[in-house]
Amino acid sequence: MASLNTFNGKLGNRLAAHLLRRGTFNYNIGRINEFAAYTADVAVDKLLGPLSYSLDQPIDPATGQPWINNGTATTTNAGALKNYLRCWALNEMKFDQTINMKMVFFLHKSWVTNANEATSERVYDYLDLISKYTLGNYKTFAKKMSMDNLMLVYLNNTSNTKTAPNENYAREFFELFTIGKGPQIGPGNYTNYTEDDVVTAAKLLTGLRSSTRLTVIDPDTGISTGRLALANHNTEDKTFSAAFQNTKIKGAKVVDDMLRELSDFVEMVFAQKETAKLYVRRLYRYFVSQNISAEIESDIVTPLAAQLMNDNYEVHNTIKMLLTSEHFYDADDSDNKDEILGALIKSPLELYLGSTNYFEMAWPDQATQPAKLYTHLNRLGISVILDNGGMSFLAPYDVAGYSAYYQEPAYDKSWFNANTIISRYKLAEMMQTGKSYLGGSATNVVINLPQFVKNSGHFTDPADVSLLVEELAENMFAEKPDNDRISYFIESLLDGVPAEDWKYEWEAYAQGGSSEEVNIGLKNLMTALMYSEEFQML
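Numbering follows my numbering, with no gaps: position 461 of the sequence shown is 466.
Written out as structure tokens, the structure reads:
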């Protein structure tokens with residue numbers, strides 16, 4: 006029986022690493038050692054702390070100043086500005102020590118827009134809105150997102166009028182964003198909603214239009230939002246199907262009442278159990294496993310959805326209950342190695358940020374070296390690792406999002422195909438050389454492995470090759486490598502030379518000698534570790 010009972014006792018390194026890999030983009034040996042001493046309750050509370058940006062806006066490299074809210078960008082190249090924004094977001098994901106940026110991406114892939122189809126300012130507002138509700142009220146978030154300028158344009162609701170209804174946002178609000186399709190039980194009847202409900206919802210959403218940025222500010226968030234156009238609004242009362250208990254929503258006759266009508270609509274949809282269940286299923290597949298069996302539906306999804314509804318869609322308790330549960334740590338049956346740990350394939354984002362953080366690879370400082378950071382991330386991180394890895398960053402190919410999160414039965418196996426595998430397996434090389442495998446000049450941002458091993462404080466005696474490999478590899482994988490695998494990784498480092506030679510070379514380097522020889526061995530080791538099947542798993 007899958008259990009939501011709280012996992013008791015200290016996590017230890019194995020489970021601390023599991024929590025940090027799943028709950029953040031920022032895990033390394035130091036953080037794993039820290040979290041190993043915590044109980045699940047204490048550890049998750051730390052992850053559920055507030056988001057603190059290193060920089061709350063991207064920097065224009067020409068001026069060293071932000072441009073989002075003051076219009077000081079020195080280039081009219083919209084693509085360049087959006088690239089700066091993506092680099093800023095990626096940098097914040099790397100350094101965030103809480104769950105918040107992991108949840109930003111969760112909400113982005115669940116409420117999809119495409120950064121390629123808007124200005125950098127509107128993309129920023131969209132991300133800013135998401136960041137304010139990562140651990141807040143999901144129902145309120147749905148109301149706010151329905152007025153987001155980027156969303157209004159992306160799904161055409163800005164052109165949805167009483168004389169020319171546009172059903173795009175209404176349809177996706179039901180099907181993709183909130184309640185989801187159930188079994189089709191009749192023509193146009195998807196159990197959870199009907200085609201008539203889509204038509205009615207589209208009428209209700211008429212007159213919600215995009216605005217010129219900063220002309221309309223949401224009083225709750227301080228974020229630029231859409232405008233209300235009563236002249237384009239269908240003011241009739243709207244009656245929904247039996248799927249929504251034949252609810253009638255009073256049509257707004259004055260502009261000040263239009264947000265009330267929108268709120269009533271969202272309240273109606275969120276009053277349905279299936280809306281809470283869809284959120285929980287997505288949460289489960291994102292943090293735990295793609296496999297939702299009848300047992301998981303009964304023992305995990307249903308009670309968590311009930312918790313979510315009891316909390317009026319404040320998500321904090323639901324997330325905490327899941328991440329502190331015995332089930333999350335695979336401790337709810339006799340075999341704690343058969344279901345959860347290592348059950349997910351890393352997304353390109355998790356692979357990239359996890360690798361750079363585990364090896365403590367330094368990136369240029371965004372505040373003082375934005376041009377260098379942006380060049381590095383654009384050439385390698387975004388254009389090669391993410392985009393070529395099947396995850397067009399902040400710009401999914403369609404409104405359903407990234408197929409690995411929704412496409413049955415493959416789900417996360419979709420990250421591996423002939424088009425994406427090369428960038429995944431070239432990551433170690435690119436971290437070591439600063440060059441894309443596609444060619445082009447180096448970015449001069451490379452990992453310094455000898456310095457990492459010498460100065461990080463994580464390694465007892467780097468001159469002892471067996472101990473070094475064991476300490477480096479122990480928390481890289483979901484499960485500790487067995488002796489045969491450790492031997493393989495040792496041989497990868499030594500490359501045929503005796504262990505005594507490594508000891509000599511390391512001690513010479515540690516005493517101020519050249520790093521050349523030890524760097525060769527460490528690069529070989531890093532490549533072998535990152536090439537391994539185990540490293541692809543989360």
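We put the beta carbon where it would ideally sit given N, CA and C, even for glycine.
Since we're looking at a predicted model, the values are computed, not measured.
Margin query: As an exercise, report each continuous alpha helix (DSSP H) stretch of at least 4 residues that is fully enclosed by the stretch 38–119, in chain order.
Written below: Within the stretch 38–119, the complete alpha helix (DSSP H) runs of at least 4 residues are 45–52, 83–100 and 105–115.
Notebook entry, point to check: What does a CB cutoff of less than 8 Å around residue 235 pick up in its chain, not counting 5 residues either side in sequence?
Noted result: 212, 257, 259, 260 and 263.
Margin query: Does the contact criterion of 3 or more C-beta pairs under 8 Å hold for the stretch 346–366 versus the stretch 294–304?
Written below: Taking one beta carbon from each stretch, the stretch 346–366 and the stretch 294–304 have 3 or more pairs nearer than 8 Å; the two touch.
Next item on the list: May I have the straight-line CA-CA distance separating residue 303 from residue 282, to the nearest angstrom?
Entry: Residue 303 and residue 282: Cα-Cα distance of roughly 11 Å.
Check: Looking at residue 45 and residue 9, is the spacing between their C-beta atoms short of 9 Å?
Finding: For residue 9 and residue 45, no; Cβs fall outside 9 Å.
Check: How do the stretch 318–328 and the stretch 60–75 stand: do at least 3 beta-carbon pairs fall below 8 Å, yes or no?
Finding: The stretch 318–328, when compared against the stretch 60–75, does not touch it at the 8 Å Cβ threshold.
Item checked: Proximity winner among 280, 305 and 531, relative to residue 497 (alpha-carbon distances) -> Of the listed residues, the one whose Cα sits closest to residue 497 is 531.
Next item on the list: Would you identify the three-state DSSP class for residue 323, choosing helix, strand or coil?
Entry: Three-state result, residue 323: helix.
Checklist line | Cutoff 6 Å; reference residue 467; Cβ partners in own chain excluding five residues on either side | finding: Once the five neighbours on either side are set aside, the close Cβ partners of residue 467 are 458, 473 and 511.
Note to self: If the criterion is Cβ atoms closer than 9 Å, does the pair residue 228 and residue 134 meet it?
What the structure shows: Taking 9 Å as the Cβ cut-off, residue 228 and residue 134 qualify as a contacting pair.
Note to self: Tell me which residue opens and which closes the alpha helix (DSSP H) that residue 183 is part of.
What the structure shows: Note, residue 183: premise wrong, no alpha helix (DSSP H); not H, not E.
Next item on the list: May I ask which residues mark the beginning and end of the alpha helix (DSSP H) holding residue 495?
Entry: In this chain, the alpha helix (DSSP H) harbouring residue 495 covers 488–499.
Check: Taking buried to mean at least 16 other C-beta atoms within 10 Å of its own C-beta, is residue 150 buried or exposed?
Finding: Residue 150 comes out buried.
Check: residue 543 and residue 355 look like a contact to me (Cβ under 8 Å); what is the Cβ gap, rounded to whole Å?
Finding: About 6 Å separates the two Cβ atoms, so the contact holds.
Margin query: Would residue 206 and residue 245 be called neighbours here (beta carbons separated by less than 9 Å)?
Written below: Contact: yes.
Margin query: Once DSSP output is grouped into helix, strand and coil, what is the label at residue 191?
Written below: Looking at residue 191 - three-state DSSP - the assignment turns out to be strand.
Checklist line | Contacts around residue 461, its chain only, beta-carbon distance under 8 Å, and the 5 residues preceding and following it disregarded | finding: If the five residues before and after residue 461 are omitted, its C-beta is found closer than 8 Å to the C-beta atoms of 34, 35 and 365, all from its own chain and listed in chain order.
Note to self: Please classify residue 184 as buried or exposed, where buried requires at least 16 neighbouring CB atoms within 10 angstroms.
What the structure shows: The residue is buried, with at least 16 neighbouring Cβ atoms inside 10 Å.
Checklist line | Spatial neighbours of residue 432 in its chain, beta-carbon cut-off 8 Å, leaving aside the 5 residues before and after | finding: Excluding sequence neighbours, residue 432 sits near 356, 357, 360, 390 and 535.
Notebook entry, point to check: With 16 as the cutoff for other CB atoms within 10 Å, does residue 23 come out buried or exposed?
Noted result: Here residue 23 is buried. Its C-beta has 16 or more other C-beta atoms within 10 Å.
Notebook entry, point to check: Roughly how many whole angstroms lie between the Cα atoms of residue 310 and residue 278?
Noted result: Cα-Cα distance, rounded: 7 Å.
Margin query: Please give me, in chain order, every unbroken run of the alpha helix (DSSP H) with length at least 4 that falls completely inside the stretch 343–369.
Written below: Counting whole runs of 4 or more residues, the stretch 343–369 contains the alpha helix (DSSP H) stretches 353–363.
Margin query: I'd like to know if the stretch 436–453 and the stretch 377–393 are in contact, where contact means that at least 3 CB-CB pairs between them fall below 8 Å.
Written below: Flag = yes, the stretch 436–453 and the stretch 377–393 touch.
Item checked: Sub-9 Å separation of residue 479 and residue 485 beta-carbons -> Yes. Within cutoff.
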